Amino acid sequence: MAQQDRDSEGKSLLVLGIIWLLGAISDRLWFALDRSVPAWDQAEYLTSTLNYLQALQHPQWFSGEWWTNFWLLSTKIPPLVYILTVPFLQVFGTGGDRATLVHLLFSAILLASVYCLGVQLFNRQVGLWAAAICVLLPGLYRFRLQFLLDFPLTAAITFAFYCLTMWKASEARRKFGNGFCNGCNGCNGCQEEGSSATDSVTDVTDRIQLEEGTKKKYKFSHSPTLPLSPSSFFWAIAFGISLGLSILVKHTTVLFLFTPIVWLAVGAVRQKAWGRLAQLAGSLLLSVAVFGPWAKTNWLLILTGGKRATLDSAIAEGDPGINTIDAWIYYGQHLPEHISWPLLLIPLVGLILYWRRRQDSSSIFYLNSCRWLAVFWVGAYLINSLNINKDDRYVIPYLPVLSIFLAYCLTLWPSRWGRQIRWGTIGLAILAMLFHILPLGGALGNSLVQIISPGNSNYPYLGKEWPHREVIAEIIDREPYLQSTLGVLPSTPEINQHNLNFYGALANFQVYGRQVGTNLKQVPQDVRSLSWFVTKTGPQGSIREGIKKAQNAAVTAIEKGDKFQLEKTWVLPDYTNLNLYRKRVQPVEIQPLNEARSQVQLDRVTVAAKAVPGVALPITYTWSGPWQQLQSGLVLVTWQNQQSGDIPPGQTFRILHDRAIAQATLHPGMLEADKFAVGFRVVDRTAMLPPANIAPGTYNLQATYLNRKTGETYPINVPAVSVNIEAEPLDMRSQAEPGNENNTDKPELDLVTQLRAMAVNLPKGLPGLEPVFEQIGRINQYDPIQDYTVQAEQTLEYRLQQEPNNLELAYALAFSRVLQQNAKSAIAALEKVTQLDSQNPYAYAYLAFVQLYGWHPKAAQTALKPALALNSNLPEIRILNGVAALMQGNLIQAWQDLQYLKKLKI
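So for the sequence shown, this note's numbering puts the first residue at 530; every next one is plus one.
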């Protein structure tokens, strides 16, 4: 008998493998035919896989800083799918289709989990039919053919639910000698798990008789005296790990597993099964240990990004409010699109027929198993309906559980024609899938398939290729030694910032795509700050009403202004034009020289002879030197007043223009190493900012080279050049937003200078932060990797070594580190700020905030004590103190301090 069971199990696994293989062949055939480009989310996720591929080229497993930077590569979206995709890219190469090979792994996990759940809750027959249905569900195969997180999430949640089910079953085994006691003669009903894949549901005695016998045997004692079984510990650990990994796929995992977890926890409390409750709590703690490092590093952005991903998206898309009936029937109305009519109705008819003949049938109805599936599905449905942001793909993780129930219902058909019904249902589902993913039936076939399987078809794109690779190649051809940021104005599924950014990442990350022209006030800065733009004729895509004016203004400035020239035009497959524009005067130009250079030299400086305080001053530096030193070079540029000893108090006597050579855009591209043996000349056009309180007089140039990799420094010989600062009235608007005047003729301030200008406002508290928040998102678009924050940090560290008591530099250094989300180094910088600005409560508030960000509430509370002594009524201080108290479990103190939220003006 045991040998027969092993043979049956082997046959079942072989059938399961064939189901997976047929699904894999279908998917790969589709990808082989498809010539489309990834849309918004798909392209963003694909780019993230390349980021992790790059990071894992040289891992530093025992470096805490490396791990922090590793988790920071994906600040809002959990990175497990990206990480698991990396081996496929290493083996098969980079590219969108190759990245989707990871779905073969997730398909195997999903089908194995569904099969094992079917076996555990019912029998092998149900498990195999459920696996087949999973391959054929429209709600699953549509997203199996796209690089999104929803299909991997479905596999991860199903596996975690399987581990939870096995943990639940371990209690039943301990009590009854089996898994789920659905009702069997002598309480051995679950032994039908050993039945073959083609057996019918085992005949057993009536469930009610079983329950009565069980009551007599165990007297329903709610205080288990039997010890916890080893298998329960195993499955508790497996569930904790699988739950943590599932959250690392996507944090919406909790929407699906919350109800089953609470259900089991409440059951353990009612039964006084404290050991079981402790196991469940331990599983949850173990899951936190798995996803905790990523969440701890990015928790603030996860919370702030959640609003944009839910509330803002729901409002923009017009989703029904939760106070309407439409919100609660939304996903129910879409069930036919997720499942198809044959897979939905035919199993339900089988259930109805079984229910009508149940008095004459000796086949068990697996009530407990169905109830357990209902706990998962109903809970997931209600919680997702409560989520204001609705989309079909958000609920596909509950489809595998539904497929198990539908498979079970298929087996309930009378044995006379049950086999034909099951195979006929699967045959219809296969035809519907083929007609949905391949253009086989023409207009008639499409109309017919919509009857039995409503919803959008997902055909491979067979037309003309889109020109994304050509756009990137054109930019690199024009600027082979530079990293470029491409401003993208349209936002259609085919032409958008994410997929152009992805194709730029495929080209060794030499081109980045960013969406600009979304804020009318910032259009002049956008146009000044970027050298490349793409525009498109015809429909512009998902441009919301609020930003259409800004986009139109940006298009007009680029296409009709005199600052840009049309570089190239492509006719798109939709018969619209894609236009690539390049700035006529480039901010950075680089040329190879005929001779080698040993050090960086400053050959020429072009600047106006006169300048006004508080107004950006255009300046051009011409550098030359060896490639490695230019690429790694920071320059500490100081324009010094020669009469600094006679400067009255309150006025400054210098202009700082510290930054990277060529604005850190030098990029080796695809060129051979020997091409960099010669020297290079770099023309760097930018602007510097004379401080608003600068003293009038003549300012001469000094410069020091700092290698950002080695720390090497040496003085740079500079040409004879000077700037005369005149005592003229200040342009107050320019002082408020230095260098950001609505004048497209002037170059934009370099980003390090903008960072230091913003840091000046930090001592003012929240009023000073408002303009910072307005500008920081904008300038982050211009530097896609935010290298300007690293440039600022390294140059400011050097300056502070020379001037340790300079408060302005200390604030700027702390600001640069906070922008890098480097809590440890930011805390050190802010501790220095509190020493230099000890009478400013906001200095302590900043330190406390970063301490809270780093999960150090006790240290944050300690940091706030001087601030409370200085001004105990500041709402910001009291709120931070309340958060620190809350994180330490001091609820009374937290309640008192958090009342100040009402007084906070944001």
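The beta carbon of each residue, even a glycine, is placed where N, CA and C say it ideally should be.
Please read all numbers here as calculations on a predicted model, not as lab measurements.
In terms of CA proximity to D556, L963 leads the group S1354, W658, M1416 and L963. Listed in chain order, the non-local C-beta contacts of A1191 below 6 Å within the same chain comprise V1117, V1211 and D1213, local neighbours out to five positions each way being set aside. The bridge partners DSSP lists for I1119 are V1211. Cβ atoms of S1153 and Q1130 come within 8 Å of each other, at about 5 Å. Taking a contact as a CB-CB distance under 8 Å, the pair G668 and H867 counts as one, their CB atoms being some 3 Å apart. Counting other Cβ atoms within 10 Å of its Cβ, S898 reaches 16 or more and is therefore classed as buried. When the Cα atoms are used, L814 and Y859 turn out to be separated by approximately 34 Å.
With fewer than 16 other beta carbons inside 10 angstroms of its own, Q1171 counts as exposed. The region 1013 to 1028 and the region 1039 to 1056 touch, with three or more beta-carbon pairs separated by less than 8 Å. Between the region 1346 to 1359 and the region 1371 to 1383 there are three or more C-beta pairs closer than 8 Å, enough to call the two in contact. Checking the DSSP bridge columns, you'll see Y1234 partnered with V1164 and Y1243. Per the DSSP secondary-structure output, I1184 pairs in a beta bridge with W1168. In this structure, Y670 lies near G552, with their beta-carbon atoms less than 9 Å apart. Between T1242 and Y1150, the CB-CB gap reaches or exceeds 9 Å. Distance from Q1368 to L1399 at the Cβ level is roughly 7 Å; contact confirmed, criterion being Cβ atoms closer than 8 Å.
Of the residues A972, N652, V819 and P789, the one whose Cα lies closest to the Cα of L609 is V819. Between A1216 and L1298, the CB-CB gap reaches or exceeds 9 Å.
K1139 and I1184 have their C-alpha atoms some 14 Å from each other. Membership of Q1417 in any alpha helix (DSSP H) is not indicated, and neither H nor E is assigned to it by DSSP. Its chain contains K697 and L809 as the residues whose beta carbon lies nearer than 7 Å to that of L793, once the 5 sequence neighbours on both sides are disregarded; these appear in chain order. At least 9 Å separates the beta-carbon of Q1069 from that of P1121. By the Cβ test, the region 935 to 948 is in contact with the region 652 to 662, since at least three Cβ pairs between them sit closer than 8 Å. Between the beta-carbon of A909 and that of T788 there is about 7 Å, and that keeps the pair under the 8 Å contact cut.
The DSSP-derived three-state label of T1391 is helix. Contact between I1308 and F1209 is ruled out by a C-beta separation of about 27 Å, above the 8 Å threshold.
Here the alpha carbons of P1022 and A1034 stand approximately 18 Å from one another.
For the set P1395, F635 and W600, the Cα lying nearest the Cα of Q1364 is the one of P1395.
In this structure, the beta-carbon distance from A628 to I548 does not fall below 9 Å. According to the DSSP secondary-structure assignment, A1216 is paired through a beta bridge with P1147. Taking the CA atoms as reference points, H780 sits about 20 Å from T576.
Cβ contact annotation for S816 (same chain, cutoff 6 Å, sequence separation greater than five): G769, L772 and G773, in chain order. Residue nearest to F676 within the set N1030, F763, I1005 and F560 is F560 (criterion: CA-CA distance). If you draw a straight line from the Cα of V1134 to the Cα of V1250, it comes to about 7 Å.
Distances from the alpha-carbon of L830 to those of I1408, F785 and T604 put T604 closest. Within its own chain, the residues whose Cβ lies closer than 8 Å to the Cβ of Y574, once the five positions on either side in sequence are excluded, are I606, V610, Y611, F676, L677 and L678, listed in chain order.
Distance from the Cα of A1086 is smallest, within the candidate group T1105, E1074 and V1052, for V1052.
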